[in-house]
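Protein chains in written order, with the working numbering: chain W, 3 to 284; chain E, 3 to 284; chain V, 3 to 284.
Every residue, glycine too, gets a C-beta built ideally from N, C-alpha and C.
Keep in mind the model is a prediction, meaning the values are calculated, not measured.
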Amino acid sequence: MPTEHADSNRGVQPPLITFLSDYGHLDEFVGVCHGVIARRCPRARVIDITHSIPRHDVREGGLVLRDALPHMPPGVHLAVVDPAVGALERRAVALRTVREERLLVGPDNGLLMFAAESFGGVAEAVDIGRSPERLEPVSATFHGRDIFAPVAAALAAGATLHVVGEEMAAQSLRRLTLSVAHVAQQTLTAHVLRADNFGNLLLDASPQQIAEAGLRRDAPLWVAVGERRYPGRYASTFSDVPPGELLLYEDALQMAALAVNRGSAAEHLGVGRDAELQVTPA
Amino acid sequence: MPTEHADSNRGVQPPLITFLSDYGHLDEFVGVCHGVIARRCPRARVIDITHSIPRHDVREGGLVLRDALPHMPPGVHLAVVDPAVGALERRAVALRTVREERLLVGPDNGLLMFAAESFGGVAEAVDIGRSPERLEPVSATFHGRDIFAPVAAALAAGATLHVVGEEMAAQSLRRLTLSVAHVAQQTLTAHVLRADNFGNLLLDASPQQIAEAGLRRDAPLWVAVGERRYPGRYASTFSDVPPGELLLYEDALQMAALAVNRGSAAEHLGVGRDAELQVTPA
Amino acid sequence: MPTEHADSNRGVQPPLITFLSDYGHLDEFVGVCHGVIARRCPRARVIDITHSIPRHDVREGGLVLRDALPHMPPGVHLAVVDPAVGALERRAVALRTVREERLLVGPDNGLLMFAAESFGGVAEAVDIGRSPERLEPVSATFHGRDIFAPVAAALAAGATLHVVGEEMAAQSLRRLTLSVAHVAQQTLTAHVLRADNFGNLLLDASPQQIAEAGLRRDAPLWVAVGERRYPGRYASTFSDVPPGELLLYEDALQMAALAVNRGSAAEHLGVGRDAELQVTPA
């Protein structure tokens with residue numbers, strides 16, 4: 003980012019916490035976590051990434067976190083999508099990434115790991131399930147309030163990982179696997195990573211893989227879902243094709259995506275998350 | 003909360019305002035109130051507890067406020083659920099609690115009183131309907147913007163209650179009554195205080211009352227709604243029972259609650275707010 | 003606003019950015035823009051006016067912006083409702099208003115212009131489509147993140163318009179036209195500017211025009227929609243009429259509006275945005 007006319011008057015910056023969850027906005031859960039943070043670290047500034055992760059969808063939360071963090075200032079990154087809250091075998095963790103020393107706080111269910119890997123992996127991890135920062139009594143159902151938010155706030159206030167938790171082996175952290183797109187014989191085989199709220203389908207394929215499959219910008223193509231084939235076009239943006247027409251494009255994350263101009267690719271193709279599809283030049 | 007590794011670098015804290023309402027997020031009402039606050043007290047920090055209180059549900063708003071405030075730093079607590087906005091007989095008030103000297107601002111319809119009572123009651127109250135802090139002309143429909151937000155901001159900026167309103171008798175403040183659970187002959191008679199968005203039913207019974215009724219952790223029980231009886235279990239958390247099974251548990255507020263693991267207790271029992279039910283050991 | 007007991011302890015204020023969009027809260031778009039702003043201008047404080055503008059409804063966004071800005075502290079006002087994002091012919095702009103020197107940032111589709119006009123018009127405008135502040139590579143679909151948010155943050159950090167964009171003629175900015183109410187022969191002909199989420203209909207008529215049409219407070223009236231006529235009353239607030247009855251009133255923006263007490267005027271009259279209707283004394 004340019005710094006020539008930068009913010010010279012800034013002084014000491016407040017510590018930053020970003021917050022992502024599946025709590026939604028119908029209840030007071032998010033607000034209560036903000037209060038808990040403000041009590042422990044009044045100086046902290048909190049940026050809500052989103053609280054609309056589909057309930058209990060750990061993989062979706064992990065992908066959104068990974069894709070959002072590069073746009074967030076370095077700091078403490080709190081994330082809670084936690085279907086196994088209260089279960090003994092689910093650990094609560096805080097970790098530091100290799101690059102940029104970002105601090106991630108959340109359940110040990112894979113949620114944090116796509117983001118951690120995109121910052122060079124985990125340099126250090128602690129188990130915070132019995133953190134001295136916990137709010138007692140710890141409830142069985144609201145660890146966001148009782149464990150994750152207070153630990154994030156303590157880290158923002160300057161506490162070290164060793165103070166808020168017990169050392170654990172980074173290799174023991176749970177990881178999720180993702181599908182992998184591949185190219186063979188001018189065919190790109192890709193999978194739907196996410197379907198957004200407009201029916202756009204985000205794929206696991208890169209622009210390099212699109213090129214390897216022989217797909218050319220502005221040229222027609224076929225998208226196959228099982229036995230069905232749909233005509234489309236490799237375009238730059240929605241308005242490059244007529245309304246109702248399917249397009250392959252690079253989305254805002256610079257990954258392959260499918261959309262229908264003024265429509266829904268999910269409905270058009272009749273597919274959702276995890277679907278496999280083949281793309282070939284027409 | 004632990005303070006050993008506390009936030010020593012904090013300096014002067016900005017004044018804090020918490021904000022709860024039934025305005026929802028479909029309109030700009032919440033944002034406009036934030037702007038009004040920022041104009042009057044630019045230093046103030048605002049924490050949104052929730053704006054998803056069901057429209058005009060004063061009791062629900064009052065219960066959420068009561069349960070959230072212990073997690074909020076002391077400060078000014080603005081709350082607006084105001085079905086009688088604009089009516090002459092509805093007063094607008096600001097008050098100070100006995101414990102922690104919290105300042106509560108909102109309509110005089112009972113909304114503030116559960117919270118006030120949980121902080122030892124009202125030490126002092128003023129009528130702010132004709133506050134010099136009002137934004138003129140005061141609209142008939144948006145007192146959040148024209149009266150409550152500017153008064154809350156003035157208090158955050160250091161104004162006293164006497165400056166923002168006219169003294170009134172704390173005894174004249176309107177109060178709402180709540181149902182009371184009771185135990186007799188190994189039967190806990192309780193009522194639904196709130197039904198949350200997952201169909202969990204929050205009751206007016208305490209863990210002590212559960213114990214008095216002879217209910218034991220991990221033991222089976224009956225829940226009766228009128229003539230109907232449903233089997234269940236007194237458990238610690240959802241995953242202690244199979245999917246679809248009813249459980250009685252202590253919720254995150256340490257009160258009795260009913261849930262169905264991966265389901266809705268409200269649908270399962272066919273009841274909602276204010277329903278009376280009996281719980282007995284099986 | 004009164005300043006007698008003003009905020010004397012405030013010190014240097016952080017720069018302020020307000021943010022309005024049609025991004026909604028189901029995705030992480032708003033959170034990502036907050037992150038981008040915090041990276042470029044960590045001191046900036048952001049007030050979200052609303053993100054629930056109906057998708058792609060530029061006029062609605064422009065009206066909400068115009069009506070909200072007087073309640074916002076002067077600063078940078080970021081607005082994104084951008085159906086033509088990525089299209090070459092749609093310019094991205096930043097401008098300074100004549101009164102209060104407010105800085106508005108958004109697409110050049112009319113969105114900013116109602117607000118600009120209410121602050122005395124445009125003193126200076128720049129094209130920011132190729133701003134040095136852009137995040138590269140600029141996506142085709144998310145200019146909020148890649149152009150508008152970073153430019154708004156740079157302005158908040160003290161950059162001048164000339165630094166963030168290329169000078170352009172203010173007269174070339176796109177404007178939207180609005181319907182105009184008029185009075186003739188004791189008939190007020192007005193149009194629905196907005197229908198809010200409760201079915202209240204905001205009209206383009208002023209209290210002066212209501213008076214010119216001979217309508218008197220607390221007196222009965224007729225509302226005609228084409229051939230249909232509906233009885234109503236000119237009242238101060240909802241509760242002045244019985245439930246289910248139609249009323250004409252001055253809304254919180256001091257403009258004429260129609261409502262049904264505890265009901266929906268939109269449903270009652272069977273009309274929505276842009277509908278024309280006649281109001282006459284009964």
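- Quick one: give me the first and last residue of the alpha helix (DSSP H) that E/Arg68 is part of. 60-70
- Item | Residues in the stretch 99-133 of chain V having any Cβ partner in chain E nearer than 8 Å | none
- From W/Asp69 to W/Ala267, what does the alpha carbon distance come to, in whole angstroms? 22 Å
- Under 9 Å by beta carbon: chain V residues contacting W/Asn263: Neighbours of W/Asn263 on chain V: none; closest Cβ ~12 Å, over 9 Å.
- What in chain W is Cβ-close to V/Thr143, meaning under 7 Å? Thr239, Asp253, Ala254
- Task: Quick one: list the residues of chain V neighbouring W/Asp198, beta-carbon separation under 7 Å, in chain order.
- Result: Asp29
- Item | Proximity test, Cβ basis, 7 Å: W/Val243 and chain E | no
- Item | Continuous beta strand (DSSP E) stretch holding W/Val273: start and end | Segment: none, W/Val273 is in no beta strand (DSSP E) and carries neither H nor E.
- Select from the stretch 31-64 of chain W all residues with a C-beta closer than 7 Å to any C-beta belonging to chain B, and list them in chain order. Going by chain labels, chain B is absent from the structure shown, which instead holds the protein chains W, E and V.
- Message: Does any residue of chain V have a CB that is nearer than 7 Å to the CB of E/Ala96?
- Response: no
- Task: Kindly identify the DSSP beta-bridge partner or partners of V/Ser23.
- Result: V/Val82
- Where W/Ala117 falls: helix, strand or coil (DSSP): helix
- Query: When the Cβ atoms of the stretch 191-198 of chain V are set against those of the stretch 133-142 of chain V, are three or more pairs found closer than 8 Å?
  - Reply: no
- Message: Which residues in chain E have a C-beta closer than 8 Å to the C-beta of W/Gly88? List them in chain order.
- Response: Ser238, Thr239, Phe240, Ser241
- Item | Contacts around W/Ala284, its chain only, beta-carbon distance under 8 Å, and the 5 residues preceding and following it disregarded | Ala221, Pro222, Leu223, Trp224, Pro233
- Report buried or exposed for W/Arg132, applying the criterion of at least 16 other Cβ atoms within 10 angstroms of its Cβ. exposed
- Item | Helix, strand or coil at V/Gly234 [DSSP, three-state] | strand
- Item | Contacts around V/Arg177, its chain only, beta-carbon distance under 7 Å, and the 5 residues preceding and following it disregarded | Gly112, Met115
- Message: Between which two residues does the beta strand (DSSP E) holding E/His184 run?
- Response: 184-186
- So W/Ala96 is in the alpha helix (DSSP H); what residue range does that whole segment cover? Careful: W/Ala96 lies outside any alpha helix (DSSP H), inside the beta strand (DSSP E) at 94-99.
- Query: With a CB to CB cut of under 8 Å and the five nearest residues on each side skipped, what residues in its chain are close to E/Leu249?
  - Reply: Gly234, Arg235, Tyr236, Ala237, Phe240, Asp242, Val243, Leu260, Ala261, Val262, Asn263
- Which value, in whole angstroms, describes the spacing of the CA atoms of E/Leu271 and E/Leu279? 10 Å
- Query: So, helix, strand or coil for V/Asp148, using DSSP?
  - Reply: helix
- At a Cβ threshold of 7 Å, is E/Met74 touching chain W? yes
- Query: Should W/Glu252 go down as buried or exposed, given a rule of 16 or more other Cβ atoms within 10 Å for buried?
  - Reply: buried
- Starting from V/Gly37, follow its DSSP beta bridges and name the residues at the other end. DSSP lists no partner for V/Gly37.
- Contact set for W/Ala8: own chain, Cβ-Cβ below 6 Å, skip 5 residues either direction: Confidence at W/Ala8 is low in this model, with a pLDDT of 38, below 50, so its placement is unreliable and no value can be given for it.
- Task: May I ask you to report which of helix, strand or coil DSSP gives W/Glu214?
- Result: helix
- Taking E/His193 as part of the beta strand (DSSP E), name the residues at either end of that continuous run. 189-197
- Distance between beta carbons of E/Asp24 and E/Gly63, contact taken as under 8 Å: 6 Å
- Message: I'd like to check one pair, V/Phe150 with V/Leu80: are the Cβ atoms closer than 7 Å?
- Response: yes
- Query: Using a C-beta to C-beta distance shorter than 7 Å, which residues of chain W count as neighbours of E/Val166?
  - Reply: Ordered by position in chain W, no residue passes the 7 Å Cβ test against E/Val166, which lies about 24 Å from the chain.
- Item | Inter-residue CB distance, W/Ala86 and W/Ala158 (contact presumed, cutoff 8 Å) | No, W/Ala86 and W/Ala158 are not in contact; Cβ-Cβ is about 26 Å, not under 8 Å.
- Item | Where V/Ala258 falls: helix, strand or coil (DSSP) | strand
- Counted within 10 angstroms of its Cβ, other Cβ atoms place W/Ser54 as buried (16 or more) or exposed: buried
- Using the Cα positions of W/Val95 and W/Ala171, report the straight-line distance between them to the nearest angstrom. 11 Å
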